[in-house]
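Chains as they are written, first to last, in the working numbering: chain A, 1 to 569; chain B, 1001 to 1278; chain C, 2001 to 2448.
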Amino acid sequence: MEYIIKNGMVYDPLNNIDGEKMDICIRDGKIVESVGESAEVVDASGKIVMAGGVEPHTHIAGPKVNVGRMMRPEDSEKDVEAKSGDRRSGSGFSVPSTFMTGYRYTEMGYTTAMEAAMPPLIARHVHEELVDTPILDKGAYPLLGNNWFVMEYLKNGEVEECAAYIAWLMRATKGYAIKVVNPCGTEAWGWGGNVHGINDPAPKFGITGAEMIKGLVEANEMIGLPHSVHLHCNDLGHPGNYETTLASFDIAKNIKASPKYGERDISLYGTHVQFHSYGGTSWRDFESEAPAIADYLNKNDHIAIDVGQITLDETTTMTADGPMEFDLYTLTGFKWANCDVELETGSGVVPFIYSSKNPVHSTQWAIGMELFLLTKDPGKIMMTTDHPNAGPFTRYPRIIAWLMSSKYRNDLIENELHAWAQKRSSIATIDREYSLYDIAQVTRATAARVLGLSETKGHLGVGADADVAIYSFNPETQDASSDYMTIEAVFRMADHVFKDGEIVVKNGELVKPRIDGRTYWVNCHFNEELEKNVISDVKKKFKQYYTVNFENYEIGDGYMRRSAPIEIK
Amino acid sequence: MIKGTGDMMSKIILTPKEQPQVPLEVDTILPDTLAGKTIDEIKSMNILYGNTEVELQEFFDVEGESGEDPSELQIEFNGDVYNTKRIGQGMTTGEIVVKGNASMYVGAKMKGGKITVEGDVAGWAGQNMQGGEIVVMGNAGDYLGSAYRGDWRGMSGGKITVHGNAGREIAEYMLGGKIHIIGNVKMLPGIHMNGGILIIDGNVISRTGGEMKGGTIIVNGRIGEFLPGFEYLGVRKDIDVDGEVMQGLFYKFRGDFATKGADGVVYTATAKNAHIVP
Amino acid sequence: MELIKNVPCPFCGTLCDDIICKVENNEIVGTMNACRIGHSKFMHHKDATLYKKPMIRKANGELVEVEIDEAIEKAVEILVNAKRPILYGWSSVSCEADEVGVELAEELKALIDNTATVCHGPSLLAVHDTGYPVCTLGEVKNRADVIIYWACNPMHAHPRHMSRHYFSRGYFRERGRPDRTLIVVDPRESDTAKLADIHLQVEPGKDYELLDAIRAAMKGHKILYENVAGVPRDLIYQAVELLKSAQFGNLFFGMGITQTSAKNRNIDAGICAIEELNEYGGKFTLIPMRGHYNVNGFNHVCTWTTGYPFCVDFATGYPRYNPGETGTNDLLQNKEADAMFVIGADPGAHFPQRALQRMVEIPVIAIEPHRTPTTELADIIIPPAQIGISSEGTAYRMDGVCFTMKKIIDSDLLSDKEILKRMLERVKEIHASESKMESVKEVTSPAK
Ligand code: SF4
Ligand SMILES: [Zn+2]
């Protein structure tokens, strides 16, 4: 099937195209140079054309996500969708059911989404849910920042052994990237504790967060994975944590990115950095240190971040940062789920209400915005809500509107937010507004590049996957800065979405709900000789300490409908 | 009495034909939605019958006259609708009278107006109720004036009166408003209660105020068994409950200290409850 | 003879994955490592009461063998014509089958529910209100110095559970049993209770009172009565001190507390107690002792597809949920249900009398390999290939760790999943032709 998208205004930062009126040709699922006469024409005149959105960090599948649903029928009940034709029913405002998750991302013009936390032992569960998340291409990041094997290798300085173990684990769990969450802190949570900062060792293992980050970044580049280490820093949510954040970022400064696939140039990815940009010593003198973080980003090229923007909603927090979730539970008193996973990781889930009347929440909102607006190069920053932690991903259109309109922001700051938003941050003094080009950068291009997927994702050049979103907004006649409500509406429901060259959203309606996306994973081949030794060591420990046999740990290809391995040799 | 009760009111009478074994759901049939409609329009409004939508007239004869103003409109279910759910769910104004029994969710999420049921109501009447009034002349089922599953914000306003008995876990997660049961109740009244007033004139089997953090429960009858997490504060005379004085002697307890920061109060008439004083 | 190793056992929620099956001529002739009940599950194929073909009950009550297509057609006809059908069971089939089941329920606007409705359903209700602080079983083995069994008797119901996770040595518990303190709460002197360091012999049905006292005492409050639920106040204080000084504690609980007296509130109070115990410097978690090997799997599948773990009502086209209203037993006892489809469960043996009465009145379809009390009531019986023995699929252990169940021997029968898929396709065909007929009607009817 051939299509030609005619006369749209194209925003494609990876190809330096900034609002040029041009045609996009599609054949057999790919963007091509030209198509024949018979190609179906989609008229995009007076509309925006972008590549399909790429979500670098979200929580949409797996044990903690599902416990978030299971624990919150009151969240499910308030947002339901009936079955309609081939479209499955679903429920959930902050943690939508899997089908609804796929549909809602697609409706916003997103075509790729990465599940950011996969406990290796429970990888099957993650993949089972991903299979039931339609349309989107996806992948999942195995959690390794509190893994006993990793801690032992790195404690002994055995970075290569660690790399060999990770290479095997990526294949065994069909994982995509190394995820590190509160390194050593979640292990400490195994005993009800936490670590503070990057130099506080894990109990009984004696290794620190700093050593874990360094070793894992080295191992990552030794293997040559497409993505960098994906880091959720220590001390999440603590006043004064920005120092830990900057110190963590600095660890990777002199390690060179060496991907064997893709065009990544960073050696570290910092996630939901809004939660890690806090000054002060307590909630009383709490203030923004986003300018310091943005300054670091402006001066250094080895790091990129996603924001984790607060959307001021009632939502559900969930992370492998077990001790943080417990603290949040004692703060709110609502309810708390936790799952510690033997030898590997932990997690927690807590409902949370972000309120515009609350001084801290208002400041958190401002900190996220400052990160976006003070970081000069949108090639270093990505839009996320750390869904659903800072708010559901369905609020992305609103964040886009905030970024594009200082008027929208100021109305909020002046009329709704607590005064702290202005007093404890610099947000009220910033009048920068994102362009559509910037938006395309932070919602697609940057993510595709740092994930190592920019050959086929995040842009509209020839050879890219034909994942395309068309939005009904005419930048020649409409002004995003004043017409921010329209921006919010058009990014919530794209006019057209193509996935792999097929029209899945047509005139604002999802028409192909039953399409399956790819599962990206890394088929790593590191040092096979070394890997053999490592695995025989791993097998011994399996017998003693796991409750699952080694042979039942590796998951098969059956847990992916469209397996898309990335070969690393 | 709420505004408009009496001659001024326009009235729609829904006389049930046979109640089916598969339940009906009528949350679409409210003063809010019937106001301004003709009888013919009302007849063809959709209700749920099992898993299919049917017209109201399939199960009800519709008579009377609607008006423009929902607050001046009364809907009368003229007969026993024991298998009809969600009567008055979400209503904000006007009046509903049921001349027999009603099924689950009477007045759930109700914000205003008044519902009177002359017979019994099944479970979850007044669930997450915010305002208005429900009067049940017969008995009420479980979870009267409770919260939806998982919600820690239950009934927050309004008043419920039950002239008969009530079931388990009434006033669950109650935050505000008032519930008055004239008969007896089963176990766990006021479970996880955080505010509001629950008055029980009859007896309670057990676990009054389990895990309560706030609010007040008054039991005038006998409490079969009381929870060990409460603190006994002594005897009080003629207690003041939200501006109203309740006469007599009461044992006063505070708790349930099973929960953190508990500050709920339970009063029980001394007459029948010496056995629960430590 | 062939030895098949690392086989997960498709019987209880322990889901041991180290079974060795001895296979000869497409028959399992023996097992190693399995407990007595696991072993008999694997050997069951020899049982004379296994169905070999689908059957339909004739008007005279007699069951006659039919071809699979006919059985499916009849089953679909019943379900499509029902106004309030129930699809029940799902705890001894694969997650893949559960997924098709949820879609079938959605397509039929039916109610779907699993056996949690009669075992750990109250636990799920408590999870909604208070949360779910759990860990995987290996955490218990490696870290736990205090283990509580409340109202469960693993020595009988989960025979290998204690040897695998309690007596066994762990990374931080090098000696195994001697490194752990065992607390058992049970009215009975069960075999598990006999092993206990502290046995709190609670009066039957008084678990809520005991938990209330424990929680108040934990926070330094005086327990109001000298004796609570048959347990002396001082013993409660002593147990609380022990709990508060634990490094890592875990609570296992069973049906003796989920299904008695305060039901979900027992679990609610238990969960809260565990949560609060994390505030004293140590770590505490819990794990419900789930019965069927994949009862947890259904709850997960149902949750990620609909938002709710069981008791999901599709009558309106979107999922609705309220156990007590939308449970299988609620529908049967209220006589709402007008057809019932049963798979991977035996309600005939476990449901209360009033529910069974309704099952007698309405058409019942059973997907079931053996003769059971349920098949005695069934109008249509379709035997499937058994998962974990003659078909593959995923199952979730009680702690959420999931396994790929193995196919050990071949079977002529369709798997649960295949049977469901065929039914789903048929239902869709019927619905499509119905809506076509309707649109034809609309076109041919005179213009409005
Ligand atoms: S304990 Fe349970 S899972 Fe393990 S072998 Fe026995 S029946 Fe099977
Ligand atoms: Zn995250």
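Where a beta carbon is used, it is the ideal one built from N, C-alpha and C, also for glycine.
Per DSSP, cross-strand counterpart(s) of residue i
i, result
"residue 565 of chain A", "A:521"
"residue 608 of chain A", "Since the first residue of chain A shown is 1 and the last is 569, residue 608 of chain A is not available in this structure."
"residue 1074 of chain B", "B:1011 and B:1095"
"residue 1061 of chain B", "B:1015"
"residue 2341 of chain C", "C:2087 and C:2365"
"residue 2302 of chain C", "Per DSSP, none; premise fails for residue 2302 of chain C."
"residue 2405 of chain C", "C:2393"
"residue 1052 of chain B", "B:1049"
"residue 2283 of chain C", "C:2248"
"residue 2003 of chain C", "C:2022"
"residue 338 of chain A", "A:348 and C:2133"
Counted within 10 angstroms of its Cβ, other Cβ atoms place residue i as buried (16 or more) or exposed
i, result
"residue 1133 of chain B", "buried"
"residue 2379 of chain C", "buried"
"residue 2360 of chain C", "exposed"
"residue 2448 of chain C", "Summary for residue 2448 of chain C: the model assigns pLDDT 37, below 50, so the residue's position carries little reliability, and this model does not support an answer."
"residue 1005 of chain B", "Low local confidence applies: a pLDDT of 48 at residue 1005 of chain B is under 50, so the model's placement there is unreliable, with the coordinate-based value given in what follows. Exposed, because fewer than 16 other Cβ atoms sit within 10 Å of the Cβ of residue 1005 of chain B."
"residue 514 of chain A", "exposed"
"residue 2079 of chain C", "buried"
"residue 2445 of chain C", "Residue placement at residue 2445 of chain C is poorly supported in this model, since its pLDDT is 49, which falls under 50; the coordinates are not used for a value here."
"residue 2412 of chain C", "exposed"
"residue 149 of chain A", "buried"
"residue 279 of chain A", "buried"
"residue 2268 of chain C", "buried"
"residue 357 of chain A", "exposed"
"residue 273 of chain A", "buried"
"residue 119 of chain A", "buried"
"residue 1001 of chain B", "The predicted position of residue 1001 of chain B is uncertain, since its pLDDT is 36 and thus under 50; a value taken from the coordinates is nonetheless stated next. Classification for residue 1001 of chain B: exposed."
"residue 14 of chain A", "buried"
"residue 2431 of chain C", "exposed"
"residue 2449 of chain C", "Outside the displayed range of chain C (2001 to 2448) lies residue 2449 of chain C, so it cannot be described from this structure."
"residue 2253 of chain C", "buried"
Integer Cβ distance of residue i from residue j, believed to fall under 8 Å
i, j, result
"residue 201 of chain A", "residue 315 of chain A", "So it is not a contact: roughly 33 Å between Cβ atoms."
"residue 370 of chain A", "residue 430 of chain A", "7 Å"
"residue 467 of chain A", "residue 102 of chain A", "Not a contact, Cβ separation roughly 14 Å."
"residue 463 of chain A", "residue 31 of chain A", "7 Å"
"residue 1160 of chain B", "residue 1189 of chain B", "About 13 Å separates the two Cβ atoms, so there is no contact after all."
"residue 67 of chain A", "residue 9 of chain A", "Not quite, the Cβ-Cβ distance comes to about 43 Å (not below 8 Å), so this is no contact."
"residue 600 of chain A", "residue 26 of chain A", "A query on residue 600 of chain A cannot be resolved here, the shown segment of chain A reaching from 1 to 569 and no further."
"residue 404 of chain A", "residue 107 of chain A", "Actually they do not touch by this definition, with Cβ atoms about 20 Å apart."
"residue 1215 of chain B", "residue 1193 of chain B", "4 Å"
Proximal residues of chain E, C-beta to C-beta of residue i below 7 Å
i, result
"residue 77 of chain A", "Of the protein chains in the structure, A, B and C, none is chain E."
task = Taking 5 Å as the limit, tell me which residues put their C-beta closer than that to any heavy atom of ligand 1, in chain order.
result = C:2009, C:2011, C:2012, C:2014, C:2016, C:2034, C:2035, C:2037, C:2038, C:2159 and C:2160
inquiry  = Any residue with its Cβ nearer than 5 Å to a heavy atom of ligand 2 should be included. What is that list in chain order?
reply    = A:116 and A:386
ask   = For the region 50-74 of chain A, which residues have a CB atom closer than 9 Å to at least one CB atom of chain B, in sequence order?
value = 71, 72, 73 and 74
Members of the region 519-533 of chain A that neighbour chain B once the beta carbon cut-off is set at 9 Å = none
Short-range partners of chain A found in the region 1218-1238 of chain B, where Cβ spacing is below 7 Å = none
ask   = What residues in the region 1101-1131 of chain B have a beta carbon less than 8 Å from any beta carbon of chain A?
value = none
ask   = Mind listing which residues of the region 1196-1218 of chain B have their C-beta closer than 9 Å to chain C's C-betas, in chain order?
value = Along the region 1196-1218 of chain B, going in chain order, the ones with a CB nearer than 9 Å to a CB of chain C are 1206, 1207, 1210 and 1211.
request  = Could you please tell me which residues of the region 2078-2108 of chain C, in chain order, have their CB closer than 8 Å to any CB of chain A?
outcome  = Cβ contacts with chain A: 2095, 2099, 2103, 2106 and 2107.
key: Interface residues of the region 129-149 of chain A facing chain C [CB-CB below 7 Å]   = 129 and 132
task = Below 7 Å between beta carbons is the criterion; list the residues of the region 480-497 of chain A that meet it against any residue of chain B, in chain order.
result = none
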